[in-house]
Amino acid sequence: MAGKITFTMIKPDAVKNGHIGAILADINQAGFKILAMKYTKLSAEKAGEFYEVHKERPFYGELVDFMSSGPIVAAVLEKENAVEDFRKLIGATNPAEAEEGTIRAKFATSIGENAVHGADSDDNAEREASFHFAQTEIYR
Ligand code: DAT
Ligand code: MG
């Protein structure tokens, strides 16, 4: 059964460019409920740990530098079929390939600086939520 929880970050480019409000409005409009939310900044170490699965990829260093370059908004979201529906809402990794109307099509800068993160599985959503929040901070 598809889970009800996903994890997202509004990335440093979107924060810097003043898109927090518009992105949260799209998230609400799409029917997601916010269970936890935090305005914070990742250290390079934390960003590296979060994206550890991409350690061997050529863009890993760039990704870690970017994700620790400025503040982010981290949030846990609830909806039926949360992971899949949120990935649809944000669009393809490369904004040039993201469907019109998706968050990345509207707000991303480039494939590396692509405005938002969305968990890619139920297990990763729980793992990523726990990475950023204590269970007592997630209001399920
Ligand atoms: P997604 O964020 O859509 O799940 P991913 O998990 O494949 O994409 O990659 C994680 C992040 O790494 C992605 O949001 C941006 C960066 N990235 C991915 N592919 C890249 C590339 N070819 N060049 C630069 N950055 C890339
Ligand atoms: Mg991913």
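All the letters of the sequence shown, read from the start, carry residue numbers 1 to 140 under the UniProt record's numbering.
For every residue, glycine included, the Cβ atom is placed at its ideal position computed from N, Cα and C.
From a predicted model like this one, the values you see are computed outputs, not experimental measurements.
- DSSP places His-54 outside any alpha helix (DSSP H), giving it a letter other than H or E.
- Check the Cα spacing between Phe-50 and each of Ser-110, Phe-7, Ile-138, Glu-99: the tightest is with Phe-7.
- By the neighbour-count criterion, in which a residue is buried when 16 or more other Cβ atoms sit within 10 angstroms of its Cβ, Arg-104 is buried.
- Under the three-state reduction of DSSP, Ile-72 is assigned to strand.
- In the same chain as Phe-131, and ignoring 5 residues on each side of it, the C-beta atoms closer than 7 Å to its own belong to Phe-50, in chain order.
- In the three-state DSSP reduction, Lys-88 falls in the helix class (H, G or I).
- Annotation for Ala-119: Thr-6, Phe-7, Val-83, Ala-125, Glu-128 place their beta carbon closer than 7 Å to its own, counting only its chain and skipping 5 residues before and after.
- For Glu-80 and Asn-114, the gap between their C-alpha atoms comes out near 25 Å.
- Taking the Cβ of Asp-26 as the reference point, every heavy atom of the ligand MG lies at 7 Å or farther away.
- For Gly-3, no alpha helix (DSSP H) encloses it, and the DSSP letter there is neither H nor E.
- One thing to note: Ile-72 has its Cβ within 8 Å of the Cβ of Ile-10.
- When only Cα atoms are considered, Phe-59 and Ala-22 end up about 28 Å apart.
- Spanning the alpha carbons of Arg-140 and Leu-89 requires a straight line of approximately 22 Å.
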